[in-house]
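Below is one structure, written out as structure tokens, with a few remarks after it.
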Amino acid sequence: MAEAITAEIFHHLVELAALELDADESEYLRAQLNSQLKAIRELEAIAVDDAAGITSHGVPYTPDISATPRADIAVPSDTADAILQQAPELDGRYLVVPDIPHTDLT
Amino acid sequence: MTTRLCDLTAIEIAARVRAGSMRAEQVLDSALERIRMVEGRAPSLEPYVLQPGDRETVHAFITLTERRARAQAQAVDRAVADGKDPGSLAGVPLGVKDIFCVEGTPSTAASRILANFIAPYTATPVARLEAAGAITLGKVNLDEFTFGSSNESTAFRPPPGNPWDPRRVPGGSSGASAAAVAAGEVALSLGTDTAGSIRQPAAFCGVVGMKPTYGRVSRYGLIAFASSLDCPGPVARTVTDAALMLGVMAGADVHDATAATVPVPDYLAGLEQDLRGLRIGLSPDYFRLRYPDPQTGELREQPITPEIEKAVHETAERLASQGAEIIEGVPMPNTHLGIPAYFVISRVEAASNLHRYDGIKYGFRYPGPVSDLRDLYRKSRGAGFGVQPKLRILMGMYVSAEQYEKGYYQRALRVRTMIRRDFELAFHPKGPHRLHALLTATTPTTAFELDAVYGDSVLMQYADLLTVPADHAGVPGLSIPAGLDAQGLPIGVQLLGPDFTEPTLLRIARAVERATETDAWRKARPKVLAA
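So the sequence lines, in the order shown, correspond to chains A and X.
Using my numbering, the first residue of the first sequence is number 913, and each one after it goes up by one.
Using my numbering, the first residue of the second sequence is number 315, and each one after it goes up by one.
Following this line, the structure appears as structure tokens:
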């Protein structure tokens, strides 16, 4: 059977995933993905009751076991500085990033 | 080897510390001594070269928080001296899977991309355990972002070894959580279960591991993998300790809208009751495995390991002798679809959750030159993520792409409904089986050797074949030790029950424990403690 994830499709996925990969890694990952797809194929062979609906969580979240949403009130966080300190590069309280790619439309 | 303070059960440690007959610091010192004895060299990000002795020790801790632990122990001892109650886990040594944020500690997810991340807040389950007096000894190893069933995908190596035979894996992804408990480094460990990541390592390491009902324990502060499946839960040496720990952690949380508001019962209350009136099922679908041939992809079927099957039947006999009614032949026909559906659902959720790691806000940033912002993303993520996160991101992208989504993702979510229905029918109080619990093997095999399966991501995933259906269905599951195989490796059996019936599962598990108390295998100790 032909490979489902061709080199071209793989390249597109890698772009979407924002990953830089070397050649060996790419080869291994693509082989593993195609191998996993064979396992998933079992799903295609079975009769699925479309009327069954989808399950997004196993446990049904009925109102009697769900918390009511909390009031939408802004509360100042006392961890803002600690969170900022985790940034790899800061300028004061600004995060520093390299050039942002853009297209000049003029 | 003589029994040390660190080998006592959590409930006994807490009782003695609260009574003032033992100090929390004494317990801490005992645990630290055990850690020095069994740990071996600490796991690190350095390029990994196997060294002599690596496969004789446990390597559980990515980060030891000794100073923090001592301050906690001293606070507990002061409270006792002042006549205050330090809590139901007073002085109990705790290991935290390094997928939970603990304020002021590196919280790495066992990934290079978070290796330098210091959590600015503490996860709810950890906060509750510490508020009850537990002493956090540190952060323990796992598969990178929990992606694996052997703990070998961690970026911090040497990977943990199984205390019963350190040449073998402790299971995964909460591998080091289970290993640290088995080796007596901690009395309790906090793990997470997404496809079996608490129960499978608990089975491999001969300890008790529980995946509670989805939503029973808050996920606040848990670094997300598959948000619709992730469940924090206890790992302990005894059923009573697991019950004690669950009771402290469980319950609604203002920070997690998926934490259910179901009242938390006293999990210790009914533990010693016999099993009269309980119907416990056995399903043929949990005694055989269907998996694709690694080469051809063709489906194969084979029975689970005979010694494990025997352990399940012996456990059933023990349960019957305590008053339970055993119902054989319960159909769970969609069990074999658990892994294929998981390959789709978990990957879509993982790809979404892992998109936040960008080298900008926190964590690893590629240190070399980059051309622009996108190049920084690509290089930071390329160098920061290991192979398993990359695989999951790419698969998640593929199966959720517009042209494939209906065939894969939507189909998998419907298969999930079918798996849930198997459980609903088996447990329905007016259904044909009316089960209070299903008894199965936890794993198809006992612990395999390091390097034996790693690298084949399909074969590795099938280690979760018997545990993943409960994650899809959201129902609670509990793995308990049920003997040793001919090689002296632990065998685990699993109990699955309806939503929020943790008290029943714990009661059944405790009955197994009582019934096997005098068995010869109960006296066996892990190899790392034999010296």
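All residues carry an ideal CB built from backbone N, CA and C; glycine is no exception.
query	result
Residues, ordered as in the chain, of the region 783-799 of chain X that lie near chain A by beta-carbon distance below 7 angstroms	His786, Ala787, Gly788, Val789
Same chain only: Cβ atoms within 6 angstroms of His373/X, ignoring 5 sequence neighbours per side	Gly354, Pro357, Pro472, Pro474
Proximal residues of chain A, C-beta to C-beta of Ile376/X below 9 angstroms	Within 9 angstroms Cβ-Cβ: nothing; Ile376/X doesn't reach chain A, min ~18 angstroms.
Local conformation of Lys744/X per DSSP, three classes	coil
Residue ranges of each alpha helix (DSSP H) within the region 480-568 of chain X, 4 or longer	489-496, 513-519, 553-563
Nearest candidate by alpha-carbon position, reference Ala800/X, set Thr731/X, Ala404/X, Trp835/X	Trp835/X
Per-residue burial, Thr468/X [other beta carbons within 10 Å of its own, 16 or more giving buried]	buried
Option in Arg679/X, Val410/X, Ala333/X with minimal Cα separation from Ala395/X	Ala333/X
Contacts that Thr575/X makes with chain A (C-beta to C-beta distance below 7 angstroms)	Ile977, Ser978, Ala979
Contact the region 590-606 of chain X vs the region 562-578 of chain X: 3+ CB pairs below 8 angstroms	no
Distance CB(Ala761/X)-CB(Asp479/X) smaller than 8 angstroms	yes
Burial state of Ser660/X, where buried means 16 or more other Cβ atoms lie within 10 Å	buried
Under 8 angstroms between C-beta atoms of Leu502/X and Ala424/X	no
Identity of the residue in Gly791/X, Asp833/X, Pro548/X nearest Ile822/X by Cα	Gly791/X
Closer than 8 angstroms to chain X by CB, Ala914/A	no
Contact check, Pro703/X vs Phe459/X, beta carbons under 8 angstroms	yes
Supposed close pair Val782/X, Ile622/X - CB separation, criterion 8 angstroms	Actually they do not touch by this definition, with Cβ atoms about 17 angstroms apart.
Arg1005/A at chain X interface by Cβ criterion, 8 angstroms	no
Candidates Gln997/A, Leu933/A, Thr974/A: closest to Leu1007/A by CA position	Gln997/A
Asp813/X at chain A interface by Cβ criterion, 8 angstroms	yes
Distance CB(Gly970/A)-CB(Tyr528/X) smaller than 8 angstroms	yes
Cross-strand partners of Tyr1006/A (DSSP beta bridge)	Asp1003/A
For Ala715/X, the nearest candidate out of Ala914/A, Ile921/A, Leu1002/A (CA to CA)	Ile921/A
Neighbour flag for Glu956/A against chain X, beta carbons, 8 angstroms	yes
Phe741/X: contacting residues in chain A (beta-carbon distance under 7 angstroms)	Result: empty, since nearest Cβ-Cβ is about 13 angstroms, beyond 7 angstroms.
Nearest residue (CA-CA) to Ala665/X, options Ile794/X, Thr830/X, Gly710/X	Gly710/X
3-residue-minimum beta strand (DSSP E) runs that sit fully inside the region 611-642 of chain X, ordered along the chain	613-617, 639-641
Check whether Lys837/X and Pro477/X have beta carbons under 8 angstroms apart	no
Completely contained beta strand (DSSP E) runs for the region 354-390 of chain X, where each covers 3 or more residues	375-378
For Ser793/X, the three-state DSSP class (helix, strand or coil)	strand
Sufficient close CB pairs (3 or more, under 8 angstroms) joining the region 411-423 of chain X to the region 576-587 of chain X	no
Check: Glu615/X C-beta below 7 angstroms from any heavy atom of the ligand NAP	Absent from the structure shown: the ligand NAP. Ligands present: none.
Interface partners of Ile707/X on chain C, CB under 8 angstroms	In the structure shown, chain C does not exist; the protein chains are A and X.
Any C-beta of chain X under 8 angstroms from that of His923/A	no
Leu955/A burial status per 10 Å Cβ neighbour count (16 or more: buried)	buried
Span separating the alpha-carbon of Pro647/X from that of Ser541/X	26 angstroms
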